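Novice: Quick one: this structure, given as structure tokens, is what I'll be asking you about.
Numbering (this note's numbering), first residue to last: 314 to 601.
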């Protein structure tokens, strides 16, 4: 997961960096001079006085019918069909695939050969996916929690080795309050199996960054299908993230469970022998 993030950049810098990767991005007038120097969390903030929850915003390049456009979105997605805002569930990250859970028990449908469901099938993200509502979220650094490896029982920040902006792939959606007309646009970052650097740092999943050659296709505003999932997983980057200690964790209550290390065969093939061995080792540790 990626629950926290840092961004230090201007709107002009974000658009310019995207253009260097051959992605033309529209910049609305109200963001022409915008600058961000912020730390954001996907958990949201609870106001005990008003008994309401709000989410912090950050810029994202979103797919629209008119083409890619920079907008400010909440770091948490509320699907357009939801009856209320916000959802009870956490929707700041969208796991690319997961074992299907039995309806009556919180366990995989089959322990021996789990059946998997994919992000484009999840109720919270199905509509956004089919409508082609992808986004690229520019970040200076992400923040993860670890319970193994270099940063065991710590939060750590990770960033590109060259100090440049990361453009992470996500889904966005728009929720409209039917009584007031108030609009909430939010996004969820896609996550998948950990790659080289993230395995070293001990985190069990990783945000998804894809090759810039498919950015335009993903952000063309057209409807998307399961075929686009294959496009994403086969064009995923393996960034050389550099990491630093961010904060210590007081307990191990948030550590991953066996379910977090179950992946379909196509993922196991893509992660290679080293990645599969790491997954097997971590999964075995969960069952001791």
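Note that the Cβ used here is the ideal one computed from N, Cα and C, for glycine as well.
These numbers were taken from a predicted model, which means no experiment stands behind them.
(1) State yes or no: is the C-beta of residue 368 within less than 9 Å of the C-beta of residue 355?
(2) Here's the rule I'm using: 16 or more other beta-carbon atoms within 10 Å means buried, otherwise exposed. How should residue 486 be labelled?
(3) Kindly confirm or deny that the region 396-405 and the region 503-511 touch, where touching means at least three C-beta pairs closer than 8 Å.
(4) My output table needs one value for residue 507: the three-state DSSP class, helix, strand or coil.
(5) Tell me, please, which residues DSSP counts as bridged to residue 372.
(6) My parser needs the beta strand (DSSP E) runs of 3 or more residues fully inside the region 470-537; what are they?
(7) Check for me: the alpha helix (DSSP H) holding residue 568 runs from which residue to which?
(8) In whole angstroms, what separates the C-alpha of residue 446 from that of residue 429?
(9) Using DSSP bridges, identify the partner residues of residue 464.
(10) Is the beta carbon of residue 331 closer than 9 Å to that of residue 372?
(11) Run the CB neighbour count on residue 410, radius 10 Å, all protein chains shown included, and call it buried at 16 or more, exposed below.
(12) How about residue 394 and residue 512: do their beta carbons lie closer than 9 Å?
(13) Measuring alpha carbon to alpha carbon, tell me which of 594, 529 and 549 ends up nearest residue 334.
(14) Could you name the residues that DSSP lists as bridge partners for residue 558?
(15) With a threshold of 6 Å on Cβ separation, who are the neighbours of residue 569 within its own chain once the five nearest residues in sequence on each side are excluded?
(16) For residue 573, does the three-state DSSP call read helix, strand or coil?
(17) Alpha carbon to alpha carbon, what distance is there between residue 499 and residue 320?
(18) Could you tell me whether the Cβ atoms of residue 558 and residue 583 are closer together than 9 Å?
(19) Nearest to residue 405 by alpha carbon, out of 348, 520 and 496?
(20) What is the DSSP secondary structure of residue 316, reduced to helix, strand or coil?
(21) Based on the DSSP output, what are the partners of residue 450 in its beta bridges?
(22) Is residue 330 helix, strand or coil by DSSP?
(23) Start and end of the beta strand (DSSP E) containing residue 438?
(24) Below 6 Å CB to CB, which residues in the same chain sit around residue 438 once its five sequence neighbours on both sides are set aside?
Specialist: Let me spell this out:
(1) yes
(2) buried
(3) no
(4) coil
(5) 385
(6) 479-489 and 496-505
(7) Careful: residue 568 lies outside any alpha helix (DSSP H) and carries neither H nor E.
(8) 23 Å
(9) Bridge partners of residue 464: none, in fact.
(10) no
(11) buried
(12) no
(13) 529
(14) 469
(15) 517
(16) helix
(17) 17 Å
(18) no
(19) 520
(20) coil
(21) 481
(22) helix
(23) Run containing residue 438: none in the beta strand (DSSP E); it sits in the alpha helix (DSSP H), 436-443.
(24) 407, 432 and 484
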